[in-house]
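This report refers to the structure that appears directly beneath it.
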Amino acid sequence: MSSSILNLNPTLLWKWFNTICSIPHPSYHDEPLAEYIFNWAKQQNLFVEKDSAGNILIRKPATAGYEKVPSIAIQAHLDMVPQADSDKQHDFLVDPITPVIKDDYLYADNTTLGADNGIGVASILAVLEDNSLEHGPIEALLTRNEEVGMEGVIGLAENWLESKLLINTDTEEWGELYLGCAGGSDLTFHKDLEFKPLKENSKVYKISLTGFRGGHSGCDIHTNRESAIRYLNKLLYSIYRKVKFNFIDLYAGQARNAIPREAYATVAVTNENHASFLDQLQKAIEKFTNSFKLAEVNGKYSFTELEVAENHKRISCSQMPTLLNFLVLVPNGVVRYSDEFENTTETSLSAGVMRLNQEDGFKYLILSRSVIDSSNEILAEEMQALAELTGIKLSVSGTYSSWTPEYNDFTRYVENEYNKAVGGKVKVKVIHAGLECGILKGHYPEMKVVSIGPDIHNPHTPKEHVKISSVENYYNLLINLLKNARDLTA
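Final position of the sequence shown in our numbering is 635; the numbers increase by one with none missing.
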């Protein structure tokens, strides 16, 4: 762990982020970090509780003179998206994250950094630890497993929070105040497959597509970042129209909410189709490389012949056409831009994970998002029609509500304080990503909610980095929001 991170300002925040990096906390495995924080709060004689979903609530009383200031909740999620470059050996269940400073930016060593939402967690813990700050009553809400369907906040204990005001810390643009976000659903397509032995004298090829930028499937969906899943599927369909082959396995994507950077297919080709297959493969590679090369300059197809193994099994020829039809027809990307909010995506689809193997059959996971909940429902109905047309089962799960913007005394207060912080006019926006605010509003309909944060770039990818100077700006805003809240009403 680099010691230089401990020399950054604000010192307490970076001390906490350093600690967070040292404790593995990918989604579904953030219990060690939760336990560490829970025990620390007890040692500090702070009120601390854990609910059945594993969420943590910590209360810190008001400082002298702030006893009548309304209680403010500050919220962040504990888990991070675990992504590493293909040539990086990193076990997210065991290995710490290694921060790397490059000028005014903090990266990890070819893995996700976890600034999403680790900086938010660190800022909350720094506030709780720093007894020199002035503030009213504070509630710190640290949620679990946000990155895998908002599971922690969905399972939040009822009537747990006393605060009527809440600051979410999961925004990733300094200078922007978020008052709304998209809702979402997990659309999981599944098909049982029949696997058979390879035909005699068959050859086996592994086709790879690597080097795509990837990104956050909400924040980056409008930025022309291509999906490795989509471009692998396009290539496979194009070849199959000219010469037949069979799938042995498909593997692409690592997280439901990340734009896939890499995709792989292992296929079996009969001896009589071998020469034609290689010819069509080369032509398809040239065609589709020309299609994506301006958007994905480092994207690259490659293929290698594999030695035929005893465990190689192909799916039946009868199942190939409908499966490929599905793979090339299923939509991906922006569906519609908002008519209400300028330069904002309203509705989108992003394929995050694709698997085909003997153990699981075929699975294809899409995350749909929309700032209009009914549009998400309509999208699921359209995907159901595609599933029925191609003989594939669809299940819809993990649905969470959008967060509808509200303008009130608290949002105006935060906007005014933010304007002072930036020395101008802050941008008030709706984000096309899933924040926990909409679900929190479902638990507490009268709660007044805002979301702020520092500059975090390329979240959910190994290129994730945070602008160091923006972290200090963000933290100063946070503590000023607490300090200057004397005239607020809940």
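Cβ atoms here follow ideal geometry from the backbone N, Cα and C, with glycine treated the same way.
Quick caveat, the model's predicted, so the values are computed rather than measured.
| Asked | Found |
| --- | --- |
| Looking at the secondary structure, which residues open and close the beta strand (DSSP E) in which F334 lies? | G328 to K336 |
| Once the 5 residues before and after C462 are set aside, which same chain residues still bring their CB inside 8 Å of it? | K389 and N391 |
| By DSSP, does E212 sit in helix, in strand, or in coil? | coil |
| So does the region 326-341 actually touch the region 437-446, counting three or more Cβ pairs closer than 8 Å? | no |
| For S542, which of helix, strand or coil comes out of DSSP? | strand |
| Between the beta-carbon of I393 and the beta-carbon of R370, is there less than 8 Å? | no |
| Does E487 come out as helix, strand or coil in the three-state DSSP assignment? | coil |
| Alpha carbon to alpha carbon, how far is G579 from E284? Give it in angstroms, no decimals. | 22 Å |
| Compute the beta-carbon to beta-carbon distance between L310 and K628, rounded to the nearest angstrom, for a pair I have assumed lies under 8 Å. | Not really, about 14 Å apart at Cβ, beyond 8 Å. |
| Going by DSSP, which residues form a beta bridge with L310? | I217 and K593 |
| Have a look at G363 and E176 and give me their C-alpha separation to the nearest angstrom. | 26 Å |
| Under 7 Å Cβ to Cβ from D224, same chain only, skipping five residues before and after it: list those, please. | H170, P171, S172, D175, R289, N290, E291 and E292 |
| To the nearest angstrom, how far is it from the Cα of E407 to the Cα of N477? | 16 Å |
| So A410 packs on L377, CB below 8 Å; how close in whole Å? | 6 Å |
| Within 10 angstroms of its Cβ, does K379 collect 16 or more other Cβ (buried), or is it exposed? | buried |
| Could you tell me the distance, in whole angstroms, from the CA atom of N426 to the CA atom of T156? | For the sequence presented, residue 426 should be read as Leu rather than Asn. Computed Cα separation, rounded: 55 Å. |
| Express the C-alpha separation of L278 and E194 in angstroms, rounding to a whole number. | 23 Å |
| Which whole-angstrom value is the C-beta distance of A530 and F334, which I expect to be below 8 Å? | Their Cβ separation, rounded to whole angstroms, is 13 Å, which puts A530 and F334 out of contact at 8 Å. |
| Would DSSP call L157 helix, strand or coil? | helix |
| Identify every residue that forms a DSSP beta bridge with M225. | P171 |
| Tell me the rounded alpha-carbon separation between G118 and L468. | Nothing about residue 118 can be reported from this structure: the residues present for the chain run from 146 to 635 only. |
| Tell me whether M499 sits in a helix, a strand or coil according to DSSP, three-state version. | strand |
| Would you decide whether P282 is buried or exposed? Buried here means 16 or more other CB atoms lie within 10 Å of its CB. | buried |
| Would you mind giving the Cβ-Cβ distance between E581 and H222, rounded to the nearest angstrom? I have them listed as a contact below 8 Å. | 7 Å |
| Report the rounded CA-to-CA distance for V567 versus F183, giving the unit in angstroms. | 34 Å |
| Given a cut-off of 8 Å on the beta-carbon distance, is the pair D600 and S615 in contact? | yes |
| Which residue wins for smallest C-alpha separation from V349, given the options L423, G569, D230 and S547? | L423 |
| Are at least three pairs of beta-carbons, each pair with one atom in the region 320-327 and one in the region 543-563, less than 8 Å apart? | yes |
| For S520, which residues of its own chain have a beta-carbon under 6 Å away from its beta-carbon, when the five flanking residues on both sides are left out? | T492 |
| Is it the case that the Cβ atoms of L343 and V611 are separated by a distance below 8 Å? | no |
| Buried or exposed: which applies to S513, given that a residue is buried once 16 or more other Cβ atoms fall within 10 Å of its Cβ? | buried |
| Less than 8 Å separating the beta-carbons of I576 and S547? | no |
| Quick one: using the 10 Å Cβ neighbour count with 16 as the cut-off for buried, is N488 buried or exposed? | exposed |
| Pick out whichever of G583, N621, H602 and H605 has its Cα sitting closest to the Cα of C326. | G583 |
| Quick check on the DSSP output: the alpha helix (DSSP H) that includes S614 runs from which residue to which? | I613 to K628 |
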